[in-house]
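Residue numbers (our numbering), protein chains in the order written: chain P, 33 to 738; chain S, 415 to 779. Built from N, CA and C at the ideal position, the CB exists for glycine as well. Please read these numbers as outputs of a predicted model, since none were measured by experiment. See structure below.
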Amino acid sequence: MQQASISEFFEKNKHFLGFDTLQRSIITAVKESVDNSLDACEEARYLPTIEIEIHKVPGKSDELLMISQDNGPGIPPDAITRVFGSLLFGSRFHTIRQTRGQQGIGITGVVMYSQLTTGKHTHVISKVEKEATAVHLNIGLDTKKNKAISSNRKREHWFNAEGELIPHGVRVEARMKAKYQRGKQSVYQYLRMTSIVNPHASISFRVFDEGGAVIDGGDWPRVTDVLPTPVKEIRPHPHGLEIGSLQRFLRESDERKMTSFLRRNFSGVSMRAARDILARAEIDEARRPTTVKAEEAQGLLAAFRQVRIMPPPTDCLSPIEDLLIKKGLSKAIDSRFVSTITRSPTVASGNPFQVEVGLIFGIDMPADGPVEVLRFANRVPLMYQQGGCLLTKAIESVDWKKYGLDHPGGRGIPKGPAAILIHLASTNVQFTSEAKEAVSDNEEVLGEFRLALQEVGRGLRSHKRKSKQREKAKEKFELVNVILPAISEKVSAILGREEPPLAPVISNIMNAVFLEETTEWDPAEKVTRCSFQMFNYTPRPRQYTLLATWPEREGIEIVDESREGKREAKGLRKWKMDTLPPGENVTVSFALDGLTKGDWTEFEVFFRGAGDIIGATKLDEKLLEEIRREEEAGIERQDLLSTEGDEEFSTGELDEVAPDADGTSAVVQSPDEESRADGGADAETAQREASEVTGQSNLNDWRVGE
Amino acid sequence: MSEGKTTDDVVESLHGVAQEMHDRMLKGTAPTMTLPVRTKKNIEFDKRLGVYKYGKKRTVRDATSLRSARQLLRALHIIEFIEEMIDAGKSSTLREMYYISEGWGHGKFGNQNESNNLAEDLEIVTKCMREDFKLRPEEDGSRMIGNMTINERNRRGEWMRINARDDVGDSGYGVPYNVESEKLELVEHDVDFIMAIETGGMFDRLVENGFDEDFRAGLLHLKGQPARSTRRILKRMNEEWNLPIVVFLDGDPWSFRIFASIAYGAIKTAHISEYLATPSATYLGITADDILAYDLPSDDLSNKDIEALKAELTDPRFADGWWQQQIKMMLDTGKKAEQQSLAKYGLDYVTDTYLPEKLADLGLS
Ligand SMILES: Nc1ncnc2c1ncn2[C@@H]1O[C@H](COP(=O)(O)OP(=O)(O)OP(=O)(O)O)[C@@H](O)[C@H]1O
Ligand SMILES: [Mg+2]
Numbered sequence: 033m034q035q036a037s038i039s040e041f042f043e044k045n046k047h048f049l050g051f052d053t054l055q056r057s058i059i060t061a062v063k064e065s066v067d068n069s070l071d072a073c074e075e076a077r078y079l080p081t082i083e084i085e086i087h088k089v090p091g092k093s094d095e096l097l098m099i100s101q102d103n104g105p106g107i108p109p110d111a112i113t114r115v116f117g118s119l120l121f122g123s124r125f126h127t128i129r130q131t132r133g134q135q136g137i138g139i140t141g142v143v144m145y146s147q148l149t150t151g152k153h154t155h156v157i158s159k160v161e162k163e164a165t166a167v168h169l170n171i172g173l174d175t176k177k178n179k180a181i182s183s184n185r186k187r188e189h190w191f192n193a194e195g196e197l198i199p200h201g202v203r204v205e206a207r208m209k210a211k212y213q214r215g216k217q218s219v220y221q222y223l224r225m226t227s228i229v230n231p232h233a234s235i236s237f238r239v240f241d242e243g244g245a246v247i248d249g250g251d252w253p254r255v256t257d258v259l260p261t262p263v264k265e266i267r268p269h270p271h272g273l274e275i276g277s278l279q280r281f282l283r284e285s286d287e288r289k290m291t292s293f294l295r296r297n298f299s300g301v302s303m304r305a306a307r308d309i310l311a312r313a314e315i316d317e318a319r320r321p322t323t324v325k326a327e328e329a330q331g332l333l334a335a336f337r338q339v340r341i342m343p344p345p346t347d348c349l350s351p352i353e354d355l356l357i358k359k360g361l362s363k364a365i366d367s368r369f370v371s372t373i374t375r376s377p378t379v380a381s382g383n384p385f386q387v388e389v390g391l392i393f394g395i396d397m398p399a400d401g402p403v404e405v406l407r408f409a410n411r412v413p414l415m416y417q418q419g420g421c422l423l424t425k426a427i428e429s430v431d432w433k434k435y436g437l438d439h440p441g442g443r444g445i446p447k448g449p450a451a452i453l454i455h456l457a458s459t460n461v462q463f464t465s466e467a468k469e470a471v472s473d474n475e476e477v478l479g480e481f482r483l484a485l486q487e488v489g490r491g492l493r494s495h496k497r498k499s500k501q502r503e504k505a506k507e508k509f510e511l512v513n514v515i516l517p518a519i520s521e522k523v524s525a526i527l528g529r530e531e532p533p534l535a536p537v538i539s540n541i542m543n544a545v546f547l548e549e550t551t552e553w554d555p556a557e558k559v560t561r562c563s564f565q566m567f568n569y570t571p572r573p574r575q576y577t578l579l580a581t582w583p584e585r586e587g588i589e590i591v592d593e594s595r596e597g598k599r600e601a602k603g604l605r606k607w608k609m610d611t612l613p614p615g616e617n618v619t620v621s622f623a624l625d626g627l628t629k630g631d632w633t634e635f636e637v638f639f640r641g642a643g644d645i646i647g648a649t650k651l652d653e654k655l656l657e658e659i660r661r662e663e664e665a666g667i668e669r670q671d672l673l674s675t676e677g678d679e680e681f682s683t684g685e686l687d688e689v690a691p692d693a694d695g696t697s698a699v700v701q702s703p704d705e706e707s708r709a710d711g712g713a714d715a716e717t718a719q720r721e722a723s724e725v726t727g728q729s730n731l732n733d734w735r736v737g738e
Numbered sequence: 415m416s417e418g419k420t421t422d423d424v425v426e427s428l429h430g431v432a433q434e435m436h437d438r439m440l441k442g443t444a445p446t447m448t449l450p451v452r453t454k455k456n457i458e459f460d461k462r463l464g465v466y467k468y469g470k471k472r473t474v475r476d477a478t479s480l481r482s483a484r485q486l487l488r489a490l491h492i493i494e495f496i497e498e499m500i501d502a503g504k505s506s507t508l509r510e511m512y513y514i515s516e517g518w519g520h521g522k523f524g525n526q527n528e529s530n531n532l533a534e535d536l537e538i539v540t541k542c543m544r545e546d547f548k549l550r551p552e553e554d555g556s557r558m559i560g561n562m563t564i565n566e567r568n569r570r571g572e573w574m575r576i577n578a579r580d581d582v583g584d585s586g587y588g589v590p591y592n593v594e595s596e597k598l599e600l601v602e603h604d605v606d607f608i609m610a611i612e613t614g615g616m617f618d619r620l621v622e623n624g625f626d627e628d629f630r631a632g633l634l635h636l637k638g639q640p641a642r643s644t645r646r647i648l649k650r651m652n653e654e655w656n657l658p659i660v661v662f663l664d665g666d667p668w669s670f671r672i673f674a675s676i677a678y679g680a681i682k683t684a685h686i687s688e689y690l691a692t693p694s695a696t697y698l699g700i701t702a703d704d705i706l707a708y709d710l711p712s713d714d715l716s717n718k719d720i721e722a723l724k725a726e727l728t729d730p731r732f733a734d735g736w737w738q739q740q741i742k743m744m745l746d747t748g749k750k751a752e753q754q755s756l757a758k759y760g761l762d763y764v765t766d767t768y769l770p771e772k773l774a775d776l777g778l779s
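Written as structure tokens, this is what we have:
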């Protein structure tokens, strides 16, 4: 590229590169840096600490200096210049995985923009752990030779403000034409949203005026030490493939035969499927991929659709997870109620995806305006084009009135002092434009979001109902425990008579069974203590089975159970209670190990038995069945995926094995498998003994928090 | 007022309230307090007394809700408090009782309205008067001007003779909260009728214009919704002096209610209507016709006004044809007017033209 062409390139693409306005340019620069820092830390398994500074440049009203620093792995010295100075140098160009950075344009774009608007080079410091010193250098672009040039490169120790050596990390300082502002589309909002979906990151932000005084900023400390689960790279799935990419794969393949080409390049293609595909596409199994012509590739693509291919694995996704969403939301918004849900991963046209939703009621949020919509795709905040985005449409499509939110005319964004977080995790997020501002329409994704939103809606509704019930129970308790005895005492004093026995009066007044539940963090034992107490204020003995919700998942255990319970379904514990005589009460307590403070602050109690319990909900057996079905479907899904893993292990050797010897193919290609996503798999065939194995939770929204 | 009740009678009827609660609890059920329904649905015309009284509908306040239970407890505290005052020969104001209730723990009142209402409830259930309970209101009493002579017993227990024209300043004679014969005697008068006036501004206008002397009238300022003592003194002047009572109010739905409470009895105090209501009182104005006939500056009815008027249409006290016609006319025109809107025609218009014309209709001038 000549200088002209670099400028041209920028001119042409500045919208999708994110440098089309001065206000947006600074957001983009910060975003590219922060995305890279988060990606790098996640990959290297470091808990990120990220500092962002913006300085107004003295004497230049439209110039800013952006400084970003992370504690990530650093960049190997020989790669630094390429990372910052050449386009399309991403580390993961050919793999499919859910990461923020996808294209290898990001940070180079910042360097280019900086040079084109101010003529300045970008200053970079990078330190990798195993080397003693850090690399300090300036990076610019040689506009004649069209390549990155570095200057002032030196190796030096790198100290922080306290004079301590910095063990590893990257610092970027770039000057650019830009304007800082607050508002819905701002660096501040971008960082706030980023902190919500990255509860494991500490982010601090400062803006300085020309004189060096701090004029704006924010601090979003880390609220969990749990890093997002490392994502696996997966091969593309034939159903998500476009002709262009297929041709590229064919051209670049060094496989000798089409069968191995299909099996090694794509996920979900078994030996039998590969042969079936090739037969339908009328391509010889032994053909060399490089010899396949364009029309033949087209035929191959068509054949993909006709053959049953196992869906891609979904462990390449990195959801935030409901409990962490709750933490992330709570650190940015002071809340009264939070309900979050992470749905199980699913697949749409060959692309695994997973949706997550959180609903939070804020304390100081405006009650009369629309709720704040916080959109994310692969943990990256989406700040533009809200109206045209699938995520917004999903929110608008739900009948919020049903769940107790103000939703005038059932249209648009509901109103209330709340925020809705909506996250799409996918290996292939489809955007409406290259600027990646809005997710484009997709029926399957919309459907998943609607289910998730309805579930948090139900959470809200039941929370409201419960608050009311609790209020009512509290009043009744005060009535019989405080006021009634006082009446009895006063009456008797006035009349000079003996006090009447109150027990019969009390059961007459209450005439109900009450249940009160409490959840407390026990700082000494580091467990969450839950308990509920049931009072029989009826004239007859009562017998119930009680069930409590808990966040069942790996690493969380029920301990200290005061009465032995049983697992009823995922996230549902059951206690068969003894008959409770009139006037008596009983308490069940248990503790949850493996959570941290604030993870779990409210649970729900269900009951089986005759008559109502104020403070508990009659168990909906239909809902329970559904939970069980989903759970079993989840197990089967896991099962299927692990089979694929085995197969992957032995690829190559299996090439010549007869299809029937492929022991897994019968399961893999069961006719039900396509409809698996909606839990349609035959539950009875799922392995019972595996019933404790849990996949991604579908039931995560059991009322987290208040 | 409730002649012939000894303190023993009072204590006994109060104990009746406690007795009901005790009996219920002995039976193993929630304690209760039974009292008449105090809404317009339960007021009936008492032919013998010529006023509206509570009907037979009873409501049972039982301790099955926290609110009602608290009410019962408070009632018991009041009963105990009254007994103590009777024993000690003391009395207190309703406001004082409200403050004293601070020390009643769970029996304390949320606001003074609650304690006033509960004292009223007890009056109704026991058929005693609050004077029997040694409770005094702080209601702002009315004032009177005109050639009327009254004996009032002062704080030292001496009778003072006051003429409400010669012995008072421009603000007139202040009517005390207790206007019963032990406190106040109606001595003599030289007037032809009593005019009760809603607003202070109009009262002062008539005084300044010398209306009381020119028209041989006794003027009384109601101060809005009239206090019990105001209604009581009107009734006594009507009965003992045989004077007609005319009522001069704003022309709006709320004035209609004020009139009804003077003439027929108020819903809140229907248990003692026979002491407070003056059935022969007449509504002088401002009527719905006046607004049109005198082309008075008027305001549009608010939604609340319209609601109030509609409620009045079904209020038994406004069942007669003239009232039904007035209310409907006001609803039709959608207009209301203040007394002082007569000033449109000059300060003297009310005394020179309007009142003489209206009084002439009634045969009073
Ligand atoms: N702060 C950092 N710490 C460690 N490695 C980094 C850092 N920033 C960039 N890199 C490396 O440089 C590569 C290129 O970054 P770049 O932002 O140009 O592209 P990308 O993140 O892969 O894709 P995108 O264009 O979507 O941002 C990254 O993939 C990563 O390997
Ligand atoms: Mg990047």
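Can you find a CB in chain S that lies within less than 9 Å of the CB of residue i?
i	result
S540 of chain P	Reading off the sequence, residue 540 of chain P comes out as Asn, not Ser. Yes, N540 of chain P counts as interfacial toward chain S.
E2 of chain P	Here chain P covers residues 33 to 738 and nothing more, so residue 2 of chain P does not appear.
E510 of chain P	yes
I526 of chain P	yes
R660 of chain P	no
S520 of chain P	yes
By a C-beta neighbour count over all protein chains shown, 10 Å radius and 16 as the cutoff for buried, is residue i buried or exposed?
i	result
W252 of chain P	buried
A693 of chain P	Any reading at A693 of chain P needs caution, since the residue's pLDDT is 35, under 50, leaving its predicted position unreliable; the model's value is listed next. Exposed is the call here.
V474 of chain S	exposed
Q575 of chain P	exposed
G677 of chain P	In this prediction, G677 of chain P scores a pLDDT of 35, lower than 50, which makes its location untrustworthy; no coordinate-derived value is stated.
Q213 of chain P	exposed
Helix, strand or coil: how does DSSP classify residue i here?
i	result
T127 of chain P	At T127 of chain P the pLDDT is 46, less than 50, meaning the model places this residue with poor confidence; the figure from the coordinates comes in the next sentence. T127 of chain P falls in the coil class under three-state DSSP.
L636 of chain S	coil
K597 of chain S	coil
T550 of chain P	strand
M574 of chain S	strand
F42 of chain P	helix
For the alpha helix (DSSP H) containing residue i, list its first residue and its last residue.
i	result
C562 of chain P	Premise fails: C562 of chain P lies in the beta strand (DSSP E), V559 to Y569, not in any alpha helix (DSSP H).
Q501 of chain P	E475 to E510
D546 of chain S	Element bounds for D546 of chain S: n/a, residue is neither H nor E.
Does residue i come within less than 9 Å of chain P when only Cβ atoms are used?
i	result
G521 of chain S	yes
G524 of chain S	no
A796 of chain S	Summary: the structure shown does not reach residue 796 of chain S, with chain S confined to residues 415 through 779, and so no result is reported for it.
D422 of chain S	no
T478 of chain S	yes
What's the gap between the Cα of residue i and the Cα of residue j?
i	j	result
T619 of chain P	Q417 of chain P	53 Å
Q739 of chain S	G760 of chain S	30 Å
K419 of chain S	R731 of chain S	30 Å
In the DSSP assignment, the beta strand (DSSP E) including residue i goes from what residue to what residue?
i	result
K724 of chain S	Where K724 of chain S is concerned, there is no enclosing beta strand (DSSP E), although the alpha helix (DSSP H) it sits in stretches over N717 to L727.
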